[in-house]
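In terms of our numbering, the sequence shown opens at residue 1 and continues consecutively. Backbone N, C-alpha and C fix where the C-beta goes; we use that ideal spot for every residue, glycine too. Every value quoted in this text rests on a predicted model; they were computed, and no experiment measured them.
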Amino acid sequence: MNRTSPAPDDPAARERSAAERSAAERSFTGIAVSPGVAIGPMFGAVEAPAEVVRARIHATDITAETSRLEAAIAQSRKQLVKLRTRLGVLPEDSQAEIAPLLDAYLQMIGPSRLVRGAKKRITEGLVSAETAVFDESESLAEQIQSMAGDGDRAGRRRRAEEVREIGRRLIRNLTRAPFRSFAGLPAGAVLVAEFLRPADAALLDPARLAGVATDDGGADGHTAVMLRALGVPAVLGVAGLSEMAKPGDMLVVDGSEGTVVLHPTAATLANARRQVTAFAREQQRLGKLRRLPAVTTDGEEVELQANLELPAELPLIAQAGAAGIGLLRSEFMFMNRETVPDEDDQYDIYRTVVEAMEGDPVTIRVLDWGGEKDIEALQSAGIVPVITDPNPALGLRGIRMLLRQPELLETQFAAILRASAHGPVRALLPMVTTVDEVKAAREIYDRVARRLRRRGERIAEKLPPLGIMIETPGAALSADALALEADFFAIGTNDLTMYTLAVDRADTEVADLYDPLHPSVLRLIQFATEAALRLRMPVSVCGEMASNPLVTRLLLGIGLRSFSMHASAIPRVKQAVRALNIDDCARFARKVMEQSDPAAIRQMMLGEPESASAA
Ligand code: PEP
Ligand code: MG
Numbered sequence: 001m002n003r004t005s006p007a008p009d010d011p012a013a014r015e016r017s018a019a020e021r022s023a024a025e026r027s028f029t030g031i032a033v034s035p036g037v038a039i040g041p042m043f044g045a046v047e048a049p050a051e052v053v054r055a056r057i058h059a060t061d062i063t064a065e066t067s068r069l070e071a072a073i074a075q076s077r078k079q080l081v082k083l084r085t086r087l088g089v090l091p092e093d094s095q096a097e098i099a100p101l102l103d104a105y106l107q108m109i110g111p112s113r114l115v116r117g118a119k120k121r122i123t124e125g126l127v128s129a130e131t132a133v134f135d136e137s138e139s140l141a142e143q144i145q146s147m148a149g150d151g152d153r154a155g156r157r158r159r160a161e162e163v164r165e166i167g168r169r170l171i172r173n174l175t176r177a178p179f180r181s182f183a184g185l186p187a188g189a190v191l192v193a194e195f196l197r198p199a200d201a202a203l204l205d206p207a208r209l210a211g212v213a214t215d216d217g218g219a220d221g222h223t224a225v226m227l228r229a230l231g232v233p234a235v236l237g238v239a240g241l242s243e244m245a246k247p248g249d250m251l252v253v254d255g256s257e258g259t260v261v262l263h264p265t266a267a268t269l270a271n272a273r274r275q276v277t278a279f280a281r282e283q284q285r286l287g288k289l290r291r292l293p294a295v296t297t298d299g300e301e302v303e304l305q306a307n308l309e310l311p312a313e314l315p316l317i318a319q320a321g322a323a324g325i326g327l328l329r330s331e332f333m334f335m336n337r338e339t340v341p342d343e344d345d346q347y348d349i350y351r352t353v354v355e356a357m358e359g360d361p362v363t364i365r366v367l368d369w370g371g372e373k374d375i376e377a378l379q380s381a382g383i384v385p386v387i388t389d390p391n392p393a394l395g396l397r398g399i400r401m402l403l404r405q406p407e408l409l410e411t412q413f414a415a416i417l418r419a420s421a422h423g424p425v426r427a428l429l430p431m432v433t434t435v436d437e438v439k440a441a442r443e444i445y446d447r448v449a450r451r452l453r454r455r456g457e458r459i460a461e462k463l464p465p466l467g468i469m470i471e472t473p474g475a476a477l478s479a480d481a482l483a484l485e486a487d488f489f490a491i492g493t494n495d496l497t498m499y500t501l502a503v504d505r506a507d508t509e510v511a512d513l514y515d516p517l518h519p520s521v522l523r524l525i526q527f528a529t530e531a532a533l534r535l536r537m538p539v540s541v542c543g544e545m546a547s548n549p550l551v552t553r554l555l556l557g558i559g560l561r562s563f564s565m566h567a568s569a570i571p572r573v574k575q576a577v578r579a580l581n582i583d584d585c586a587r588f589a590r591k592v593m594e595q596s597d598p599a600a601i602r603q604m605m606l607g608e609p610e611s612a613s614a615a
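Set out below in structure tokens:
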């Protein structure tokens, strides 16, 4: 999707004058996560004030509050050290600007006056950690600003602001509050932030937002998945951007190339506008594929479905001509709310989606909590703990948590089963690693169905299929055993890549190591696919890999015929399918699977264009 800034006045004139008065143009590179070009003024979400609910504590809580403060300090230090280590990728003049600032921040969370003062306020003033940090940073900032005998007023103001900024960081980490509010986001702005949580991304209004660029984040993290789903041009992992760009600065975000230009010159702006037009034309051309079938040149039908992150995507899914929803990530229902949705709340949402799909199947995945998908309502309700363990991705995630909280799973199954009265539905279990998990979930599923029938609820006569995600190496390698218990497989290449290569999918630091085309990942996909095909069991790929048209030939060659992806990717993948024939795909897949060198595999994908393989 392409966005330009809005036109309350003349946008071209506004861009021109911004370009004229601006500092020199600066280019940044990051990770291209959502295609399209955006031109607009920077909205500096980093400036949002941290909210502090003032609270007093009991003397018995002093130790606990002090530990909370210690934990927030450790977390803040981790964030700042990470930012510091990534400065190396910036041009030298930019490094010279940011590095001293980060050093000052790091010093302030060391054994500093700020930290000592905040601790004293907890123990002597008996106030909560966030109240203590807020009061101490305000008082310190005021002291700095009113210091006599120092002629440099601007310098004093800057130092006071640094103290307030570190206070805000500590408070954000203490309160685990959504990182920022988007209420004031002006239409057509480019959102720039240090990082965005998936729950923050879910709050963005794609109709108002031109683009997104953040310092942190990886290609297939859940935030990236959300931004693609919303169709907002986005570049993540742009080191130093949130420190360099100031609110109102003009930016060009190229979500296809992974570049961001700050203070673009008139020539850069003109070029960006040409790209906006070209991208829109290409989208129009691809839109024409909507009504054409996804069939290979030798007549093999391929199922192309959409992933759904947020109900706001339903119109996009209809426009893309998806043959149903292959993955409804139900996490959105639990995000940005204070209470856990009950059976009726969930049923209403599922029913709306099922009815909107007009007879095309909808695969609803039960809640995949854990890892980067943290959900406050579940914490407030005491259902899940605050994630403090150092390895949340290897902890209580997905089906593991649901089997510990069976009421949550029962409620969700009940809502899904009731939705099955309105159209074809499938239920999907996330993060499976053992056969026992599937058996336990199926027992609950059957029990819930019996209970609903006793209650006189309408559900599909034949129980909807219950399938599993294949997204851990453990599940992929025991796919033959799991295939005997599950009704279908959905291969989640995002987590499969992360767990196979031990690379966090959302971490910029190791983004270069995150490679879904690594032979080990491909071998696991092939093993799981073959296990399913032997039993003639439905199998699909619903990870981000499915949306890459350069990989379609390989996946068809391995034997896959069903793919689910963000809606806007469907036309390109359909175009690829319609240019391929299955024999050639199978030959290509054999050649690729003989390779053990990731670079050679990547080269094979890029080196032989789709048209070369078309019959
Ligand atoms: C995956 O892991 O590939 C997947 C589709 O699930 P999610 O991205 O929601 O973790
Ligand atoms: Mg997953």
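Taken through DSSP and simplified to helix, strand or coil, I416 comes out as helix. With fewer than 16 other CB atoms across the displayed protein chains lying within 10 angstroms of its CB, H58 is exposed. Taking a contact as a CB-CB distance under 8 Å, the pair E65 and I109 does not count as one, their CB atoms being some 17 Å apart. Shown here, G40 sits in a strand according to DSSP, grouped into three states. Under the DSSP assignment, D345 falls in the alpha helix (DSSP H) whose first and last residues are E343 to A356.
Taken through DSSP and simplified to helix, strand or coil, Q305 comes out as strand.
DSSP, reduced to helix, strand and coil, places A193 within a strand of the structure shown.
Straight across, the Cα-Cα distance linking G557 with Q284 is about 30 Å.
Remark: C-beta atoms of A224 and V33 approach each other more closely than 8 Å. At a cut-off of 7 Å, the beta-carbon of E457 does not count as near the ligand MG: no heavy atom of the ligand is closer than that.
Residue environment for G326: buried (at least 16 other C-beta atoms within 10 angstroms of its C-beta).
In this structure, the beta-carbon distance from T552 to V577 falls below 8 Å. One thing to note: I470 has its Cβ no nearer than 8 Å to the Cβ of A481. In this structure I349 is in contact with P311, their Cβ atoms being roughly 7 Å apart against a cut-off of 8 Å. By the Cβ neighbour-count rule, G543 is buried, with 16 or more other Cβ atoms within 10 Å of its own. For D360, the Cβ stays outside the 7 Å cut-off from all heavy atoms of the ligand PEP. Counted as a single uninterrupted DSSP element, the stretch harbouring T123 is not any beta strand (DSSP E) but the alpha helix (DSSP H) occupying residues R113 to G125. Just so you know, the alpha carbons of V438 and I73 end up roughly 41 Å apart.
No Cβ-Cβ contact shorter than 8 Å links G258 with G40.
For T29, the beta-bridge partners assigned by DSSP are T259. When the five nearest sequence neighbours on each side are left out, the beta carbons in the same chain lying within less than 7 Å of the beta carbon of E355 are those of H422 and G423, in order along the chain. In this structure, V435 keeps its C-beta atom at 8 Å or more from the C-beta atom of L402.
The segment 522-537 and the segment 490-499 touch, with no fewer than 3 CB-CB distances between them shorter than 8 Å.
Selection F489, L126, H518 and I491 evaluated against V503 yields H518 as nearest (Cα-Cα). Within the chosen limit of 7 Å, the ligand PEP does not reach the beta carbon of E313 with any heavy atom.
In the structure shown, L501 adopts helical secondary structure according to DSSP, grouped into three states. For S67, no beta strand (DSSP E) segment is defined; the enclosing uninterrupted segment is the alpha helix (DSSP H) at I62 to T85.
At the C-beta level, A201 and V253 stay beyond 8 Å of one another. In the structure shown, R365 adopts extended strand secondary structure according to DSSP, grouped into three states.
Note that the C-beta distance between V238 and L251 is not below 8 Å. In summary, D216 is buried, with 16 or more beta-carbon neighbours lying within 10 Å of its beta-carbon over all protein chains present. By the neighbour-count definition (other C-beta atoms within 10 Å, threshold 16), K246 is an exposed residue. Three or more pairs of CB atoms, one per stretch, sit closer than 8 Å, so the segment 558-578 contacts the segment 287-304.
Take F332, set aside five residues on each side of it, and the residues of its chain with a beta-carbon closer than 8 Å to its own are A202, E309, L310 and P311, in chain order. Rounded to the nearest whole angstrom, the C-alpha separation of R400 and E124 is 43 Å.
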